[in-house]
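Using my numbering, read the sequence shown as starting at 83 and increasing by one per residue.
See below for the structure under consideration.
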Amino acid sequence: MAQMSITLNGELRGVPSDSTIATLIDFLSLPEQRIAVEHNNKVVRRADWPVTNVNQSDRIEVVHFVGGG
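Dropping the structure here:
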C-alpha cells in the first residue's frame, strides 16, 4: 500500500495514498459519531467525508467531542 505524508493534529503522519476523509477516519479507528474534521482549514460536513480526497501535505484536524457536566 502506497503511503503519503499529511499533518494530522499538528503531527506528521503517514497514511494510505488513496485516502478520503472517510477512509482516513476508518484507518485511524476513530469513532465517527463523536468527531469533527477540518481539512486544510475548512470544516468538512460528515456527508462529504466519502468524497473529500486527502492529498500529500494536507492538514487535517480531528476534534473529539466529550460529554460531561
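The C-beta atom is built at its ideal place from N, Cα and C for all residues, glycine as well.
Since we're looking at a predicted model, the values are computed, not measured.
Rounded C-alpha distance that separates residue i from residue j
i, j, result
"V133", "S101", "10 angstroms"
"I142", "F109", "14 angstroms"
"V120", "A84", "Reading off the sequence shown, one finds Glu at residue 120, where the question assumed Val. Straight-line Cα distance between these residues: approximately 23 angstroms."
CB-CB length for residue i against residue j, believed under 8 angstroms
i, j, result
"V145", "I103", "Not really, about 13 angstroms apart at Cβ, beyond 8 angstroms."
Residue i in three-state terms, based on DSSP
i, result
"T134", "coil"
"V145", "strand"
"S87", "strand"
Short Cβ contact (8 angstroms threshold) for residue i with residue j
i, j, result
"V97", "I107", "no"
Those runs of the alpha helix (DSSP H) which lie wholly inside the segment 93-128 and span at least 4 residues: Counting whole runs of 4 or more residues, the segment 93-128 contains the alpha helix (DSSP H) stretches 103-109.
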